[in-house]
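Following full-length UniProt numbering from start to finish, the sequence shown increments by one per residue and tops out at 350. Beta carbons are placed, not taken as given, at the ideal position from N, Cα and C, and that holds for glycine. Here the structure is a predicted model, which means the values were calculated and not measured. Everything below concerns the one structure shown next.
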Amino acid sequence: MKVLSLVGARPQFIKEAVLHKEFEKAGVQEVLVHSGQHYDFNMSDVFFEVLDIRKPDYYLNVGSGLHGEMTGKIMIEFERAFLKKKPDVIVVYGDTNTTLAGAIVGAKLKIPVAHVEAGLRQEPKDMPEEINRVLTDRVSKYLFCPTKLAVENLKKEGIVDGVYFTGDVMYDLFLMMEPTFKYDVFELLGLEEENYIVMTLHRDFNVDNKEKFEKILSEVAKVAEQIKVVFPVHPRTRKRISEFGLDGYLKNVTVIDPIDYLNLMGLVKKSWKVITDSGGLQKEAYFAGKRAVVVMPDTSWRELVESEWNILADGEGIYDAVFSSQERPYPTGLYGNGDAGNRIVEILKQ
1 MKVLSLVGAR PQFIKEAVLH KEFEKAGVQE VLVHSGQHYD FNMSDVFFEV LDIRKPDYYL
61 NVGSGLHGEM TGKIMIEFER AFLKKKPDVI VVYGDTNTTL AGAIVGAKLK IPVAHVEAGL
121 RQEPKDMPEE INRVLTDRVS KYLFCPTKLA VENLKKEGIV DGVYFTGDVM YDLFLMMEPT
181 FKYDVFELLG LEEENYIVMT LHRDFNVDNK EKFEKILSEV AKVAEQIKVV FPVHPRTRKR
241 ISEFGLDGYL KNVTVIDPID YLNLMGLVKK SWKVITDSGG LQKEAYFAGK RAVVVMPDTS
301 WRELVESEWN ILADGEGIYD AVFSSQERPY PTGLYGNGDA GNRIVEILKQ
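Dropping the structure here:
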């Protein structure tokens, strides 16, 4: 069997790397195509080193642009790569323009499309990522769902054939990386285990609007009066804090420069809770057994909210969400057993 995997952003490379190891074990030939949608990859990134991520067989060099322009360019170039390699299956990941472009090419050429991370749904329905994931699911033959809720989402839309609950390849990754987590920053800051909160904020809808951002930071300031808050600040977020004159809200917050994944995960593992607007970190907090206050109006990882493990707090209500939430038993198995990559490859082989 020959698989053509299409990626276009760093998180997709990481998911593909987990699957690639399973393809190799199973003797499946994989051709890797990078669209170039995000082209500022650092091949010395810790994931590239630890996962031994290989360079793509094809680089389409699409770059940035308007949604239609980018999707069209990827389709044109990817179709050429497809016609050279003639794969049995096309694998796409997530919800980017690259994902949708690959799915359309496969569907038009009547080659089965496998969508890794299928069935996720999120408001608002007109956001580009939601459009991409819904349309990709419509034309895919194999829909690999990271959660049971994703399976239910597809069922509500009348999609039941070729749907599989495999678990999340990012949980595979977390377990793979956990032995290498670092605690340098934890020790440098002199933190006490389970006596601090880790916070990250970077979403444009949170940090680009002064009124909204001020509400968030005023809530964080109240939290910081009760417990230490460690805040690795994204450069864009730091810029907005300065522009809007909001530094005063951070006088009791431990503000640090951005840190690498291994140290961030080390901080999370020893923390009490997490405050974040990151799609990845709200899930990684769960993997690490920590509850998160999610500063978003909605999340595609709704099972974490529906199980009352994580709490949505869109700007206001962060303080109450941190301190008023009752303790909850850990909801096990939401993202499978850490063998999603193996399950996906076995299904494709069959």
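In the DSSP output, which residue or residues are listed as bridge partners for residue i?
i	result
L32	S5
V116	Y93 and F144
K273	I197 and R291
V311	The question names Val, yet the displayed sequence has Ile at residue 311. In the DSSP output, where bridge partners are listed per residue, I311 has V293.
Y183	Partner(s): none; Y183 has no beta bridge.
Y58	V33
Output the boundary residues of the beta strand (DSSP E) element that contains residue i.
i	result
Y93	V89 to Y93
Apply the 10 Å Cβ neighbour rule to residue i and answer buried if 16 or more other Cβ atoms are within range, or exposed otherwise.
i	result
T332	exposed
G248	exposed
G36	buried
K125	exposed
I275	buried
V160	exposed
Y335	buried
D95	buried
S324	exposed
E193	exposed
S300	buried
A313	buried
Y93	buried
E346	exposed
E219	buried
P146	buried
P87	buried
D184	exposed
M265	buried
R328	exposed
I241	buried
K239	exposed
R138	exposed
M70	buried
L66	exposed
Y58	buried
A26	exposed
S64	exposed
Y286	buried
N337	exposed
Q282	buried
D277	buried
K55	exposed
N61	exposed
K349	exposed
G68	exposed
Over what stretch of residues does the alpha helix (DSSP H) that includes residue i continue unbroken?
i	result
G27	From DSSP, G27 is part of no alpha helix (DSSP H); its letter is neither H nor E.
L83	H67 to K85
M170	V169 to M177
L348	A340 to K349
R302	R302 to E306
Y319	I318 to F323
Inset, instruction - Could you tell me which uninterrupted beta strand (DSSP E) segments, each at least 3 residues in length, are contained entirely in the region 185–264, listed from first to last along the chain? - result: 196–200, 228–232 and 254–256
Inset, instruction - Quick one: which unbroken alpha helix (DSSP H) runs of 4-plus residues sit fully inside the region 130–165? Chain order, please. - result: 148–156
Inset, instruction - Evaluate the contact criterion for the region 101–117 versus the region 79–86: three or more CB pairs, one atom per stretch, below 8 Å. - result: yes
Inset, instruction - Report yes or no: do three or more beta-carbon pairs, one from the region 212–219 and one from the region 303–311, lie closer than 8 Å? - result: no
Inset, instruction - Count the C-beta pairs between the region 112–125 and the region 136–147 that are closer than 8 Å, then say yes if the count reaches three, no if not. - result: yes
Legend entry - Meets three-Cβ-pair contact criterion under 8 Å: the region 266–274 and the region 177–185: yes
Legend entry - Touch test, the region 157–175 against the region 12–19, Cβ-Cβ under 8 Å, three pairs minimum: yes
Inset, instruction - Answer yes if the region 221–240 comes into contact with the region 150–164, meaning at least three C-beta pairs across the two stretches below 8 Å, and no otherwise. - result: no
Legend entry - Stretch-stretch touch, CB-based, cutoff 8 Å, three pairs: the region 253–268 with the region 221–229: yes
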